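In our numbering, each residue's number is its place in the sequence shown (first place is 1) plus 16.
C-beta atoms are modelled at their ideal positions from N, C-alpha and C, and glycine is treated no differently.
Here the structure is a predicted model, which is why all the values come from computation and not from measurement.
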Amino acid sequence: MAKTNPSLTTTLRSVADEDLSIFFEHQLDPEASWMAAFTAKDPTDRQSFDAHWQKVLADKTITIRTILWHGEVAGSVLCHSWGGDPEVSYWLGKPYWGKGIATQALALFLQVVGDRPLYARVAKDNIPSIRVLEKNGFTLSGEGRWFSNARGKEISELVWELK
Ligand SMILES: CC(C)(COP(=O)(O)OP(=O)(O)OC[C@H]1O[C@@H](n2cnc3c(N)ncnc32)[C@H](O)[C@@H]1OP(=O)(O)O)[C@@H](O)C(=O)NCCC(=O)NCCS
């Protein structure tokens, strides 16, 4: 797939209420859910999606941005510390995959979030996400097994660290 240079085309901004319907559509995609693996129990449940996002947006300890590509809402990137350590995660709508957007969005986000070490948890077979982390300087720091809602079983998860 031909890659576009995203350096001038990927930007971050605060999340707007109207972004949530787009994020909801993004997380409905079965391939995306499979990749991310550690997802909501029922991605089609809009009520629990909205409840989750209201919690996220109200939590002042969470940093979150909408990812724009050429001004279009392409996805989101956030940092939470629900498990104790600061952790980053991101999600792009399928039409935006394979253009270097997540790599660029994370690079921009790392200028916003200064916490170090910063962690990320990824299903072991989510190679695109692993590449996004590697290209942003994260190194492998651990491995565990967790239940994946999207796959209905326990799978291997890698922990990545940015020192
Ligand atoms: C994972 C995800 C964020 C990657 O976003 P992206 O913008 O496509 O990633 P980039 O274009 O920056 O590319 C990252 C790397 O993955 C590779 N890649 C992208 N799509 C791929 C695919 N379908 N198959 C194999 N490799 C792929 C790219 O070639 C690149 O690697 P390279 O630099 O070695 O060439 C996106 O696919 C996504 O949102 N998936 C669903 C949710 C998810 O998995 N979130 C992460 C949870 S930890």
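Distance check between Leu36 and each of Ala53, Phe125 and Trp69 places Trp69 closest, using alpha-carbon atoms only.
Asn142 has its Cβ nearer than 7 Å to a heavy atom of ligand 1.
Shown here for Lys151: same chain residues with a beta carbon closer than 6 Å to its own, the five before and five after excluded, namely Thr119 in chain order. Taking C-alpha positions only, Val128 is separated from Lys115 by approximately 22 Å. DSSP places Val31 outside both helix and strand once states are collapsed to three, so it counts as coil. Note on geometry: alpha-carbon atoms of Leu156 and Thr79 lie some 23 Å from one another. If only complete runs of 3 or more residues are kept, the region 66-152 shows the beta strand (DSSP E) at 79-85, 88-96, 103-108 and 134-139, in order along the chain. In the three-state reduction of the DSSP assignment, Arg161 falls in the strand class, which pools E and B.
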